Amino acid sequence: MATPESNSPGMNRRSFLRTSAVLTSGLAALAASLAPLRNLDDFPSVEKFLQKYYKEMTPEEMAKVLKRIEHDVEKQYGLRPHVRDLRPMDGVEFVYALNLTRCIGCRKCVHACVAENNQSRNPEIQYIRVLKLPHGSLDLEKAEHNSDPAKVPEKGFFYMPVQCQQCKNPPCVKVCPVHATWQETDGITVIDYDWCIGCRYCEAACPYWARRFNFTKPEIPKEKLNLEMAYLGNRPRKQGVMEKCHFCIQRTRAGKYPACLEVCPVGARKFGNILDPNSEVSYILRTKRVFIQLKEEMGTSPRFFYYFDV
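Under the numbering used here, the first residue of the sequence shown carries the number 63, and numbering increases by one thereafter.
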């Protein structure tokens, strides 16, 4: 007879291993035997390998995991971070609004995101891409994805920054075979890096080019490491997992704005709680010429809106 645990998302990943002392000892022996061939740090500890699914962990178990992550980061970078597990707030649904009239394509949002979210610098992983489009065209097939001119704005063009759209109907969640990505009640789709197996199904399913894969061991300069971290947010990721924009969970769930918004020199970015009728984003969606939800014809219902001043 199936038990409640056998029907949980964790069963298809690790719950069997948690009950097997033989396999646990075998895993440790295997790691030790391979240590002369590879750096032992490349192998997960038994504790990490047998970690429970995020939604199954008790507060006490999560506290131990956070301490382990702090220890691992300190061991790697020589700096002790502060890692929290920030949960959604009641009565909050986050949305983003971006003013296409004002955006000048400066890419400061791109670089602020990299710094805030401890993204690899070598190779550099960027969650935001700034599309360059000719005036009068909305054909994304004609957009230039890798424009980085010496001076902006460029005559005859406008710019459309694209990142995770935090869809109400996220296709990435549907295809994950191990439930490593899911949508939370505040609208943010998250990834548990400890649970991800790097299959890249989510990357293939996302129509917004929003998912990134760590092909090589990430490098973050010690002096650039942001020590305020969140379990589902900006903690350093290992090689071989997916990552993406998460609306700066370590900031927004603590009452701050995303880093990309704060650095924007022209005020093109707006962020807030759509369930609050007095929020700035609620006012924008009621009164501005909301242009598009990107690729809305796909039925994903993005929580990222593009609008014009008039």
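The beta carbon of each residue, even a glycine, is placed where N, CA and C say it ideally should be.
Keep in mind it's a predicted model, so treat the numbers as computed, not measured.
Since residue 221 and residue 194 are thought to touch, with beta carbons under 8 angstroms apart, how far apart are those beta carbons, to the nearest angstrom?
-> To locate residue 221, count along the sequence shown from 1; it is residue 159. To locate residue 194, count along the sequence shown from 1; it is residue 132. Right, their Cβ atoms sit about 6 angstroms apart.
contact_flag[the stretch 267 to 279, the stretch 172 to 187] where n(CB pairs < 8 angstroms) is 3 or more = yes
Near residue 225, what residues of its chain come up, given a Cβ to Cβ distance below 7 angstroms and the 5 sequence neighbours on each side ignored?
-> For the purposes of this step, residue 225 is taken as residue 163 along the sequence shown, with counting starting at 1. Counting only Cβ-Cβ distances below 7 angstroms, and skipping sequence neighbours, we find 189, 190, 272 and 307.
With DSSP run on the structure shown, which of helix, strand or coil describes residue 157?
-> On the sequence shown, position 95 is the one that residue 157 refers to. DSSP places residue 157 in strand when its eight states are reduced to three.
Hey, quick one: how far does the beta strand (DSSP E) through residue 170 stretch, first residue to last?
-> As a working note, residue 170 is residue 108 in the sequence shown. Taken as a continuous stretch (DSSP letters only), residue 170 belongs to no beta strand (DSSP E), being part of the alpha helix (DSSP H) at 170 to 178.
How about residue 384 and residue 287: do their beta carbons lie closer than 9 angstroms?
-> It is not possible to answer for residue 384, since the shown part of the chain is limited to 63 through 372.
Tell me where the alpha helix (DSSP H) around residue 220 begins and ends.
-> For the purposes of this step, residue 220 is taken as the residue at position 158 of the sequence shown. Per DSSP, residue 220 belongs to no alpha helix (DSSP H); it is in the beta strand (DSSP E), 219 to 224.
For residue 308, does the three-state DSSP call read helix, strand or coil?
-> As a working note, residue 308 is residue 246 in the sequence shown. Residue state, collapsed to three classes: coil.
Going by other Cβ atoms of all chains shown within 10 Å of its Cβ, with 16 needed for buried, is residue 328 buried or exposed?
-> Sequence index remark: in the sequence shown, residue 328 carries index 266 (1-based). The residue in question, residue 328, is exposed, as its Cβ has fewer than 16 Cβ neighbours within 10 Å.
State the DSSP-derived secondary structure class of residue 196, mapped to helix, strand or coil.
-> Along the sequence shown, read from residue 1 onward, the residue named residue 196 stands at position 134. Three-state result, residue 196: strand.
Taking Cβ positions, are residue 264 and residue 179 nearer each other than 9 angstroms?
-> Here residue 264 corresponds to residue number 202 of the sequence shown, with the count starting at 1. Here residue 179 corresponds to residue number 117 of the sequence shown, with the count starting at 1. No; because the gap between Cβ atoms is not below 9 angstroms, this pair is not in contact.
Taking the alpha carbon of residue 262 as the point to measure from, which residue in 274, 256 and 254 has its own alpha carbon closest?
-> Taking the sequence shown and counting its residues from 1, the one referred to as residue 262 is at position 200. The residue with the shortest Cα to Cα distance from residue 262 is 274.
Whole runs of the alpha helix (DSSP H) within the stretch 233 to 289, excluding any shorter than 4 residues = 233 to 237 and 263 to 267
Taking only the alpha-carbon atoms, compute the straight-line gap between residue 355 and residue 239 and give it to the nearest angstrom.
-> In the sequence shown, counting from the first residue as 1, residue 355 sits at position 293. In the sequence shown, counting from the first residue as 1, residue 239 sits at position 177. Those two C-alpha atoms are separated by around 28 angstroms.
Is there contact between the stretch 142 to 158 and the stretch 324 to 338, where contact requires at least three CB pairs shorter than 8 angstroms?
-> yes
Beta-carbon contacts of residue 174 that lie in its chain and below 6 angstroms, excluding the five residues immediately before and after = On the sequence shown, residue 174 is found 112 positions in, with the first residue counted as 1. So the qualifying residues of the chain are 321, 322 and 325.
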